[in-house]
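Be aware that the sequence shown starts at 1, since it is given in the UniProt record's numbering, and climbs by one per residue. Beta carbons are placed, not taken as given, at the ideal position from N, Cα and C, and that holds for glycine. A quick note: this is a predicted structure, and the numbers were derived from the prediction, not measured.
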Amino acid sequence: MFQPFFDIIKRSSEKYGNAKAIGSRTLIKTHQEVKKVKKMVDGEQQEVDKKWTYFELSEYKYMSFSEYENLILQIGAGYRKLGLKKEDRVHIFAATSAHWLASAHGAVSQSMPIVTAYDTLGEEGLKHSLNEIKQENIDNLKKAHEKLKILSFEELRKLGEENPVEPVPPEAEDLCCIMYTSGSTGPPKGVPLKHKAVVAAVAGVNVIVEPYLGPVGVPAVWESVKKGIVAKVNGGSPVVKNLFWGALWAKSNLLRYGLPGAEILDALVFKKVKEATGGKLRICMNGGGPIAKGTQRFISMAITPMINGYGLTETTAMGALMDPMEWTDEALGDIPGSIEIKLVDFPDAGYYATNKPNPQGEIWIRGDSVMEERPSQHYFDRKKNLVKTQNGEYIALEKLESIYRSATVVANICVYADQQRTKPVALIVPAEPALKKLAERIGVEGSSIEELVHEKKIQDAVLKELQQAGKSGGLSGIEIIEGVVLGLVTSAQKLQRKKILEKFKKEVDAAYARND
């Protein structure tokens, strides 16, 4: 028998009652401070003023499971009082927060599908998501202008409190949400997910990690955690520094060979690091994109075991999930019970399911947690030209090349994105006349293009020009390149990415290193 998604909330309230369910902080005050920073201006490093913004936040305020269930019932009743009914869509445009979650759960309690337009979509992405879902009230909203009625979250809650209604249970085949994900080209794409998909995904996760559930973060979050710890350790005395890195190496080897002693190192060396994250973490989870193996091992040794997951918006995040009792940094983990996976040959990249000793190929996924096929569906890019960056967002390499190629200094270009980085870099064949004119403008001497491409001031100026071309072309922040490599391939050469990157890996690594 199908159990609706809202039953998960009800069961949690009944089982955990007054235990803490959700915590949040409120903004007390915004502080601004002007500091001097070094910046490249017209190819020269200068000190400029930069305004920094700091947020002063309150202490955490918690709600119990019972209080949270009551809150979302009130939000759902508030929607009903506003005139919404079952199957009407509730559009949420906001950053992730406790209010976001309650707004979504409130809609689910009344079988109203939510439509997510996360705040990084940008203005055009928001317009597209509003138009595509054809919400009933959009035309009225456009006509309203200054008459538009605006309610705060608290006012919506109070409206529901004063006008209570019973929850409306959905059917398994009812739409639960349209989850927007970054599009490879063109506008963002909305993935329709039914209630059965969300319930299946929750069940699939529960079987593997229910006893250990902890925070989930994208790779960029864990990289920041690691960098913070490393900076503090390396800023200490030589004794502290050597003790930490020696203990990290020792613990890794003790666990690798099943030897005792790791607990002693935790108590003596890593105690303060663990306490900095609350001291109670049992596991932490990485998702949204691949994480560097070194970072996964570092977090796992210094704080708590980090497990990996793999999935897609289209599969309700189902794909693979590591069992904490089988921790390794060599694999992603188990296949959740809510899906099945098939490995299919991908000849273009030389991947075959028959490869020995490691079969390779394209992953096909099916199961209740997978979005259903639609005749209207169409795709905009080849899979080999899509790269998922450390932020967990996809970028389309050919799309970026078509925009950056408009820069006057570019004769040919190959954009490369490392999955363990947040932004791409570009390998460029410069247009010789434009490059020489650029050199004259910024005061760099050199008679040949071979000399000019190795000048740092030239590289910085070319990077700035391409970044401006990207912004003018409407690229998002994660699509703006952060480094360039000049003079690598002939302007007539076809872009065979794999071969180009194999040949020029050292130069690409150097381009990324300049931003570390």
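Q | Which residues DSSP lists as bridging residue 366, in chain order | A | Here residue 366 refers to the residue found at position 366 of the sequence shown. 340.
Q. Less than 8 Å separating the beta-carbons of residue 429 and residue 407?
A. Taking the first residue of the sequence shown as position 1, residue 429 is located at position 429. Taking the first residue of the sequence shown as position 1, residue 407 is located at position 407. Against a cut-off of 8 Å, the Cβ pair of residue 407 and residue 429 comes out as no contact.
Q. Can we say the stretch 194 to 201 touches the stretch 165 to 183, given the rule of at least three CB pairs closer than 8 Å?
A. yes
Q: Identify the continuous beta strand (DSSP E) that holds residue 92 and give its terminal residues.
A: Against the sequence shown, residue 92 aligns to sequence position 92. Note, residue 92: beta strand (DSSP E), 90 to 92.
(Q) Quick check: the Cα distance between residue 231 and residue 241, rounded to an integer number of angstroms? (A) Taking the first residue of the sequence shown as position 1, residue 231 is located at position 231. Taking the first residue of the sequence shown as position 1, residue 241 is located at position 241. Taking the straight line joining both Cα atoms gives about 10 Å.
Q: Could you check which residue in 372, 65, 512 and 235 has the C-alpha nearest to that of residue 463?
A: Reading the sequence shown from its first residue, position 463 is the one you call residue 463. With distances taken between Cα atoms, residue 463 lies closest to 512.
Q: Assign residue 509 to buried or exposed, taking buried as 16 or more other Cβ atoms, counted over all protein chains shown, within 10 Å of its Cβ.
A: The residue you call residue 509 lines up with position 509 of the sequence shown. Exposed, by the Cβ-count rule.
Q | Range covered by the beta strand (DSSP E) that runs through residue 179 | A | The residue labelled residue 179 in the question sits at position 179 within the sequence shown. 175 to 181 is the extent of the beta strand (DSSP E) around residue 179.
**Q.** Candidates 442, 405, 468 and 304, of which the one nearest residue 280 by Cα
**A.** As a first step, residue 280 is located in the sequence shown; it is residue number 280 there, counting from the start. For residue 280, the nearest C-alpha among the options comes from 304.
(Q) Could you tell me the alpha carbon to alpha carbon distance between residue 86 and residue 371, rounded to whole angstroms? (A) Counting from one through the sequence shown, the residue named residue 86 turns up at place 86. Counting from one through the sequence shown, the residue named residue 371 turns up at place 371. Approximately 21 Å, taken between the alpha carbons.
Q) Which word fits residue 286, buried or exposed, when buried means at least 16 other C-beta atoms lie within 10 angstroms of its C-beta? A) Counted from its first residue, the sequence shown places residue 286 at position 286. Residue 286 comes out buried.
Q) For residue 423, which of helix, strand or coil comes out of DSSP? A) Within the sequence shown, the letter at position 423 stands for residue 423. Residue state, collapsed to three classes: coil.
Q | Inter-residue Cα distance where the pair is residue 238 and residue 245 | A | The count along the sequence shown starts at 1 and reaches residue 238 at position 238. The count along the sequence shown starts at 1 and reaches residue 245 at position 245. Rounded to the nearest angstrom, the two C-alpha atoms are 11 Å apart.
Q. Under the rule that 16 or more other beta-carbon atoms within 10 Å means buried, what is residue 517, buried or exposed?
A. The requested residue 517 is not part of the displayed model; the chain covers only 1 to 516.
Q.
Among 267, 250 and 298, whose alpha-carbon lies nearest the alpha-carbon of residue 225?
A. Here residue 225 corresponds to residue number 225 of the sequence shown, with the count starting at 1. Selected option, being the one with the closest Cα: 298.
Q: Could you tell me whether any non-hydrogen atom of the ligand ATP is closer than 7 Å to the CB of residue 424?
A: Judged by which ligands are present, the structure shown has none, so any question about the ligand ATP falls away.
Q: May I ask you to report which of helix, strand or coil DSSP gives residue 280?
A: For the purposes of this step, residue 280 is taken as the residue at position 280 of the sequence shown. If DSSP states are grouped into helix, strand and coil, residue 280 belongs with coil.
Q) With a cut-off of 8 Å, do at least 3 Cβ pairs link the stretch 158 to 165 to the stretch 68 to 79? A) The stretch 158 to 165 vs the stretch 68 to 79: in contact.
Q.
Rounded to the nearest angstrom, what separates residue 95 and residue 450 at their Cα positions?
A. For the purposes of this step, residue 95 is taken as residue 95 along the sequence shown, with counting starting at 1. For the purposes of this step, residue 450 is taken as residue 450 along the sequence shown, with counting starting at 1. Their Cα atoms are separated by approximately 48 Å.
Q.
Could you tell me the alpha carbon to alpha carbon distance between residue 169 and residue 7, rounded to whole angstroms?
A. Your numbering for residue 169 matches position 169 in the sequence shown. Your numbering for residue 7 matches position 7 in the sequence shown. Here the alpha carbon of residue 169 sits roughly 9 Å from the alpha carbon of residue 7.
Q: Could you pull the start and end residues of the beta strand (DSSP E) that residue 306 belongs to?
A: Stepping through the sequence shown from its first residue, residue 306 is reached at position 306. It spans 306 to 310 - the beta strand (DSSP E) in which residue 306 sits, taken as one unbroken run.
**Q.** Buried versus exposed call for residue 493 [16 or more other C-beta atoms within 10 Å across all chains shown]
**A.** Here the question's residue 493 lines up with position 493 in the sequence shown. With a pLDDT of 43 at residue 493, under the threshold of 50, the predicted position of this residue should be treated as unreliable, though the coordinate-derived value follows. It is exposed - the Cβ of residue 493 has fewer than 16 other Cβ atoms within 10 Å.
Q. How would you call residue 518, buried or exposed, if buried means at least 16 neighbouring beta carbons within 10 angstroms?
A. No statement about residue 518 is possible, as the shown extent of the chain runs from 1 to 516 and does not include it.
Q: Could you tell me how far apart the beta carbons of residue 452 and residue 475 are, in whole angstroms, since I believe they sit closer than 8 Å?
A: Sequence index remark: in the sequence shown, residue 452 carries index 452 (1-based). Sequence index remark: in the sequence shown, residue 475 carries index 475 (1-based). Residue 452 to residue 475, Cβ: 26 Å. No contact.
Q: With a cut-off of 8 Å on the beta carbons, I'd call residue 483 and residue 409 a contact; round off their distance for me.
A: Looking up residue 483 in the sequence shown gives position 483. Looking up residue 409 in the sequence shown gives position 409. Wrong, their Cβ atoms sit about 15 Å apart, outside the cutoff.
Q: Could you tell me whether the Cβ of residue 34 comes closer than 8 Å to any Cβ of chain B?
A: Going by chain labels, chain B is absent from the structure shown, which holds only one protein chain.
Q: Report, in whole angstroms, the separation of the C-beta atoms of residue 320 and residue 310, which I expect to be a contact under 8 Å.
A: Taking the sequence shown and counting its residues from 1, one reaches residue 320 at position 320. Taking the sequence shown and counting its residues from 1, one reaches residue 310 at position 310. So it is a contact: roughly 4 Å between Cβ atoms.
Q | Backbone secondary structure at residue 32 - three-state DSSP | A | Residue mapping note: residue 32 aligns to position 32 of the sequence shown, counting from 1. Residue state, collapsed to three classes: strand.
Q: Could you name the residues that DSSP lists as bridge partners for residue 5?
A: Numbered from 1 along the sequence shown, position 5 holds the residue referred to as residue 5. Per DSSP, none; premise fails for residue 5.
Q.
Using a 10 Å radius around the Cβ and a threshold of 16 neighbouring Cβ atoms, would you call residue 454 buried or exposed?
A. Residue numbering aside, residue 454 sits at position 454 when the sequence shown is read from its first letter. Classification for residue 454: exposed.
Q.
According to DSSP, residue 437 sits in a beta bridge with which residue or residues?
A. In the sequence shown, counting from the first residue as 1, residue 437 sits at position 437. Partner(s): none; residue 437 has no beta bridge.
Q) How is the alpha helix (DSSP H) around residue 415 delimited, first residue to last? A) Residue 415 sits at position 415 when you count from the first residue of the sequence shown. Premise fails: residue 415 lies in the beta strand (DSSP E), 410 to 416, not in any alpha helix (DSSP H).
Q. Under the DSSP definition of a beta bridge, which residues are partnered with residue 552?
A. Residue 552 falls outside the range modelled here, since the chain spans only 1 to 516, and no answer is possible.
Q: Just the C-alpha distance for residue 184 and residue 393, rounded to the nearest angstrom, thanks.
A: Within the sequence shown, the letter at position 184 stands for residue 184. Within the sequence shown, the letter at position 393 stands for residue 393. Because residue 184 sits at a pLDDT of 42, beneath the cut-off of 50, its placement in the model cannot be relied upon, and the following sentence gives the value as read from the coordinates. Their Cα atoms are separated by approximately 9 Å.
(Q) Between which two residues does the beta strand (DSSP E) holding residue 394 run? (A) To locate residue 394, count along the sequence shown from 1; it is residue 394. Residues 394 to 396.
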